[in-house]
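Engineer: Below you will find the structure I want to go over with you.
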Amino acid sequence: MSEISQKTLNAPSGHTANQAGPRHANPNDEIDLFELLLRLWDKKGVILMVTLVTTLIAGTYAFTAKEQWTVKAYVSPPRMAQMDDYLTLRRAFARVSGINADPQAIANHLFNRFTEMVSSPNEKLSYLSETAYVKQQTESMDSQG
1 MSEISQKTLN
11 APSGHTANQA
21 GPRHANPNDE
31 IDLFELLLRL
41 WDKKGVILMV
51 TLVTTLIAGT
61 YAFTAKEQWT
71 VKAYVSPPRM
81 AQMDDYLTLR
91 RAFARVSGIN
101 ADPQAIANHL
111 FNRFTEMVSS
121 PNEKLSYLSE
131 TAYVKQQTES
141 MDSQG
């Protein structure tokens with residue numbers, strides 16, 4: 001053991017080392033940084049082993065844990081403010097062509113068309129067949145599968 005770690009600690013005046021009670025500030029209550037560094041240096045092996053074991057456990061978990069992905073999507077009708085540019089062009093077209101262009105009717109029609117496309121099995125299949133994930137999963141399958 002080093003000379004520093006063999007020193008006994010002195011209790012504040014009026015208290016024994018085992019006695020519990022309020023402690024008063026002592027002007028000699030300073031932390032000796034060199035003593036602290038020497039004690040840490042003496043225990044560097046323990047510190048290194050704890051750090052290494054913790055890193056190995058974290059790394060093992062990170063590379064072996066099963067990935068879990070969940071997604072939720074909510075589709076809502078567009079607001080008029082989101083369609084302002086489109087509606088402006090549609091109104092201009094309506095003035096020229098003489099067709100009535102009610103903004104709410106247009107928004108409802110577009111939303112209904114969108115939901116029809118989203119719920120269509122053919123649209124889902126054509127979209128998914130172009131994704132990299134589906135291509136990767138189906139590349140080893142035969143065409144019938």
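Letter by letter, the sequence shown follows residues 1 to 145 of the UniProt record's numbering.
Using N, Cα and C, we set each Cβ at its ideal position, and we do this for glycine too.
Would Leu-87 be called buried (16 or more neighbouring beta carbons within 10 Å of its own) or exposed?
Structural biologist: Classification of Leu-87: buried, given that the 10 Å Cβ count is 16 or more.
Engineer: Under 8 Å, with one C-beta from each stretch per pair, do the segment 66 to 81 and the segment 32 to 41 reach the 3-pair mark?
Structural biologist: Cβ pair count under 8 Å is below three, so no.
Engineer: Whole angstroms is fine: what's the gap from Arg-95's alpha carbon to Asp-102's?
Structural biologist: One C-alpha to the other measures close to 12 Å.
Engineer: Do you know whose CA, among Leu-52, Ala-62, Pro-77, Ile-47, lies nearest Phe-111's CA?
Structural biologist: The shortest C-alpha separation from Phe-111 is found at Pro-77.
Engineer: Runs of 4 residues minimum, wholly inside the segment 84 to 119: which ones carry the alpha helix (DSSP H) assignment?
Structural biologist: Correct list: 84 to 97, 103 to 119.
Engineer: So, Met-83 versus Ala-65, is the Cβ gap smaller than 8 Å?
Structural biologist: Cβ atoms of Met-83 and Ala-65: not closer than 8 Å.
Engineer: For a test of the three-state rule: what should DSSP assign to Lys-72, helix, strand or coil?
Structural biologist: Reduced to three states, the DSSP call for Lys-72 is coil.
Engineer: What did DSSP end up calling Ile-31 once you bin it into helix, strand or coil?
Structural biologist: Coil.
Engineer: Mapping the DSSP letters down to three states, classify Glu-123 as helix, strand or coil.
Structural biologist: Helix.
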